[in-house]
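Read through the structure below, which is laid out as structure tokens, and then see the notes.
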Amino acid sequence: MGAGALIQDVEPENAERQRWLALAEKALAGASFEEKLVSHTDDNIRIEPLYERSIAAEPTVRANPKSPWIVSQRIDDPDIDRARAQALEDVAQGATGLSLVFEGAPNAFGYGLPRTAQALETVLDGVPLNRIQVRIDAHPWSRAVADWLVAFLSKRRSDPAKLNLSFGIDPAAIFAGTGRLRMSIEALQASMPQSLAHFFSMGVPGVLLEADGRVFHNAGATEAQELGIMLASAVSYLRMFETARQPLVYAAPHIGFALSVDQDQFLSVAKVRALRRLWARLQEACSIPNSTANIHAETSFRMMTAMDPETNILRTTIACFAAASGGADSISILPHTIAHGLPAGFARRVARNAQLIMANESHIDHVADPAYGSGGVEALTAELCERAWAELQTIEAEGGVLSSLQDGHIQKRVHAAAARRNAAYQAGERTIIGTTLYPLKSERPVETLAAERRPAFNEGVAVCEALFPVRIDQSIGAVS
81 MGAGALIQDV
91 EPENAERQRW
101 LALAEKALAG
111 ASFEEKLVSH
121 TDDNIRIEPL
131 YERSIAAEPT
141 VRANPKSPWI
151 VSQRIDDPDI
161 DRARAQALED
171 VAQGATGLSL
181 VFEGAPNAFG
191 YGLPRTAQAL
201 ETVLDGVPLN
211 RIQVRIDAHP
221 WSRAVADWLV
231 AFLSKRRSDP
241 AKLNLSFGID
251 PAAIFAGTGR
261 LRMSIEALQA
271 SMPQSLAHFF
281 SMGVPGVLLE
291 ADGRVFHNAG
301 ATEAQELGIM
311 LASAVSYLRM
321 FETARQPLVY
331 AAPHIGFALS
341 VDQDQFLSVA
351 KVRALRRLWA
361 RLQEACSIPN
371 STANIHAETS
381 FRMMTAMDPE
391 TNILRTTIAC
401 FAAASGGADS
411 ISILPHTIAH
421 GLPAGFARRV
431 ARNAQLIMAN
441 ESHIDHVADP
451 AYGSGGVEAL
461 TAELCERAWA
471 ELQTIEAEGG
481 VLSSLQDGHI
491 QKRVHAAAAR
501 RNAAYQAGER
511 TIIGTTLYPL
521 KSERPVETLA
531 AERRPAFNEG
541 VAVCEALFPV
551 RIDQSIGAVS
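Just add 80 to wherever you are in the sequence shown, counting from 1, and you've got my numbering.
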């Protein structure tokens, strides 16, 4: 056999892809490949129909990959006794974490626990703190609540060093979500390190400062925008401690993250994975040892719908699966009736049980990084990292996250992203099952708890344009 025949028998490296492309073009029968088989994210990241397996990236894992993620239930009922009963039931039925949402919090959606030490102590009374993570959702008085929590632990004679706590202190999320800060940006930056010093001295192993992206997501931000703003918040925390001459190596492990995940499964998986890589890259840039990111994921509020609310169960299940697959350390599912008011017991139970089934029956946590090596997810992860880093650089050039918010730069970009997304829905390029596609002919009654909406936080010295949560079905006029 001659050399020519041997060469002819050797297939080109991408022969399988070429065969697939030929079959795809034949099936398209002249239709545009780009229009039919290629899509783009809100950040204009190109999504191909087929990817080669990726072998270059390293797997990303949770802080504690040998245990399931924390099933965190929201406690946000203004009725303290009812909230305490909810907390005890959630823990008894399998929840391994509680997210305490107080009034005035951007993530309270109009409700929330009363802002009192009594409310905190009542809700946690009887809760086995040694085996339950307690998260304080970011809100305007989170530093005061941190003191209340420490005082409560002293009463219980609980050692904070043996507990899993998150204090949820996040000035950027509060500034963006309420449009107010109780002191000037300069005063905040000067006082924050000193006011938190005693928490460091206590040796609390949990999260003291949290970079919360949910406020921006629910106002319409893209994935890269949300990630970039979170990084900018984390940078502001590191800078505060650097200014106070406190070693960053000790501060970094006490910085956590909270983000939103939605029904776009692969994009949400990539977003969680990208956040881990970005935090590692940021610590490397600061020349400090890498501490694994502590990530709390909550299902998106903006994707929830008022019409056909049962479809929200499907959306939140996909989002939770994505968060677990992406490696979130703790996850909260918003109950499917949240668009109608304060969720009742059935909706809360569905939210809790969806996670328990995924963790205890489907064992999603048994694989540390299921997307590792997936060409599509790895490409999305890498692209999100690059665009989020570019957003971080933009915010830093604007003077940092708080200054950018005060000047309205971040808000302008978030509003522009929301407008582009809404236009796609209104043009029929995107659809919402049960709302714009296959809408219900008549609405059914939805069970919610009787509760008055809490007033918005309106105190403060520093002022900016607030970014309020807006559901997509509201913004496109699909519902009243």
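Glycine included, each C-beta is placed from N, C-alpha and C at the ideal position.
Go through its chain and collect everything with a Cβ distance to C465's Cβ below 7 Å, but skip five positions before and after it. In its chain, beyond the 5 residues on either side, A354, R357, L358 have a beta carbon closer than 7 Å to the beta carbon of C465.
Burial state of V203, where buried means 16 or more other Cβ atoms lie within 10 Å
buried
Q.
My output table needs one value for H446: the three-state DSSP class, helix, strand or coil.
A. helix
Taking the DSSP output, what are the residues bridged to V341? T379
Point to revise | Paired residues, beta bridge with Q153 - DSSP | key: L178
Original post:
Starting from S246 and walking both ways along the beta strand (DSSP E), at which residues does that stretch end?
Top reply: Start and end: 245-249.
Q. Thinking just about the alpha-carbon of each residue, which of A360, R236, Y191, F255 is nearest to the one in E138?
A. Among A360, R236, Y191, F255, the Cα nearest to that of E138 is on A360.
Checklist entry - Nearest CA to the CA of A507: which residue from A558, D487, S484, E105? => result A558
Q. Under 8 Å between the Cβ atoms of A402 and S348?
A. Yes; because the gap between Cβ atoms is below 8 Å, this pair is in contact.
Under a Cβ-count criterion, where at least 16 other Cβ atoms within 10 Å of its own Cβ denotes burial, should D156 be classed as buried or exposed?
-> When all chains shown are included, D156 counts as buried.
Applying the 10 Å Cβ sphere with the 16-neighbour rule, what's the burial state of N187? Buried: at least 16 other Cβ atoms inside 10 Å.
According to DSSP, simplified to helix, strand and coil, what is G425? G425: helix per DSSP, three-state reduction.
- Task: On a CA-only basis, which of G248, A312, I475, Y317 is nearest Q274? Give me that one, please.
- Result: Ranked by Cα distance from Q274, the options G248, A312, I475, Y317 are led by Y317.
Look at the Cβ atom of H297, then the Cβ atom of G336, and state whether they are nearer than 8 Å. Result no, Cβ atoms of H297 and G336 do not sit closer than 8 Å.
Between the C-alpha atoms of S119 and D344, what's the straight-line distance to the nearest angstrom? If you take the alpha carbons of S119 and D344, they lie about 13 Å apart.
Is L414 helix, strand or coil by DSSP? coil
6 Å Cβ shell around E471 - same chain, five flanking residues per side excluded:
A304, Q305, G308
Compute the distance between the beta-carbons of L362 and V287, then report whether it is under 8 Å.
no
>> Check this for me: beta carbons of G259 and V543, under 8 Å apart or not?
In response: yes
inquiry  = Does L414 pass the burial test, meaning 16 or more other C-beta atoms within 10 Å, or should it be called exposed?
reply    = By the 10 Å Cβ count, L414 comes out buried.
- Message: Please report the straight-line C-alpha distance between N94 and A451, rounded to a whole angstrom.
- Response: Looking at the two C-alpha atoms, the distance is approximately 22 Å.
Note to self: My assumption, with CB atoms under 8 Å, is that R164 sits in contact with D123. Please give the rounded CB distance.
What the structure shows: Not quite, the Cβ-Cβ distance comes to about 42 Å (not below 8 Å), so this is no contact.
Q. Is DSSP giving H334 helix, strand or coil here?
A. helix
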